[in-house]
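**Student:** First the structure, which I've put down as structure tokens, then a few questions once you've had a look.
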Amino acid sequence: MAAMKREVNKGAWTAEEDRKLAEVIEIQGPKKWKTVAVKAGLNRCGKSCRLRWLNYLRPNIKRGNISDQEEDLILRLHKLLGNRWSLIAGRLPGRTDNEIKNYWNSHLSKKMNRKKSEKKQTGSSSTREKTSIEKRREVEEETSGEVNQIVIRKEENKSSGDENEEEEDNGVNFNVDEFFDFSNEDPLNLEWINRFLET
DNA sequence: AACGCGTCCAACCGCTGTCCA
DNA sequence: ATGGACAGCGGTTGGACGCGT
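Right, dumping it as structure tokens:
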């Protein structure tokens, strides 16, 4: 018996598809994406509907024109968190993980590379041997920073059922839940990051 | 005008985590 | 305990577009 699996629609969304999707989500909310796709009569997979909603149709979404302040925040958060785009996007109201990822890949990664090569050039002009601290700093920068590793380590401990969450770890002591609880903060407040990076 | 090339961004893919029967 | 369905994430791709020659 031939599989009667219908081919799903792929590629760019039409205005009509957008309208249908928005209609269904208004009624049942942005959940159960498979049923959303079926109810909307869209020949799309749930995943595709979810992505379209989150990255394009969702209300209060900001598109383009990333401000200097936002760019600065992205740079700092990336240094802190690495390629954790959804976490970074969580600090930028109206911005999506996809947009930030694209922005990073097309603008900021190049900017960083340029900075790095400039640094290397000025560094090589000096004949002085690097101190071990300088060498270590370089390595840390290349691996998105020590803090990033600490965050990951903390998460690993958490998932493996480590109860000593407040326990000192390599001299850095903080609570992961608090760290990622942004509910009471001004989203563009850079103070907490500045404090973190200065230590 | 036409071509090549680089850039941008929407969308897809594959993987992992979570939930629930 | 287990396996399937689903949600969510980050990496990657491909088409549209702009620009220089």
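Quick note on full-length UniProt numbering: the first sequence kicks off at 1 and runs consecutively.
Note that CB positions come from ideal geometry on N, CA and C, so glycine has one too.
Comparing alpha-carbon positions, which option in ILE27, LYS32, LEU42 lies nearest GLU16?
**Tutor:** Selected option, being the one with the closest Cα: LEU42.
**Student:** What would DSSP say about LEU92, mapped onto helix, strand or coil?
**Tutor:** Three-state result, LEU92: coil.
**Student:** Between SER86 and ASP97, how many whole angstroms is the CB-CB distance? I'm expecting something under 8 Å.
**Tutor:** Correct: roughly 4 Å between the Cβ atoms.
**Student:** Spell out a yes or no on whether the region 63–80 and the region 24–40 are touching, meaning 3 or more CB-CB pairs, one atom from each, closer than 8 Å.
**Tutor:** These segments do not touch.
**Student:** Tell me the rounded alpha-carbon separation between ASP177 and LEU81.
**Tutor:** In this predicted model, ASP177 has a pLDDT of only 46, less than 50, meaning its place in the structure is not dependable; the value taken from the coordinates is given anyway. Approximately 15 Å, taken between the alpha carbons.
**Student:** Would you mind working out which of LYS31, GLU23, LYS32, LEU92 sits nearest ASP72, comparing C-alpha positions?
**Tutor:** The option with the nearest alpha carbon to ASP72 is LEU92.
**Student:** Cα separation between PRO59 and LYS111?
**Tutor:** Computed Cα separation, rounded: 31 Å.
**Student:** Have a look at ARG19 and TRP53 and give me their C-alpha separation to the nearest angstrom.
**Tutor:** C-alpha separation (whole angstroms): 11 Å.
**Student:** If contacts are defined as beta-carbon pairs under 8 Å, then ILE88 and ILE74 qualify, I think. What distance do you get, rounded to the angstrom?
**Tutor:** Sure, about 6 Å apart at Cβ, within 8 Å.
**Student:** For VAL8, count neighbouring Cβ atoms within 10 angstroms of its own Cβ and tell me buried if that reaches 16, exposed if not.
**Tutor:** Result: exposed.
**Student:** With DSSP as the reference, label TRP13 as helix, strand or coil.
**Tutor:** Correct three-state label for TRP13: coil.
**Student:** Flag this pair as yes or no: are the beta carbons of LEU51 and ALA22 separated by less than 8 Å?
**Tutor:** No, the pair does not count as a contact, with Cβ atoms beyond the cut-off.
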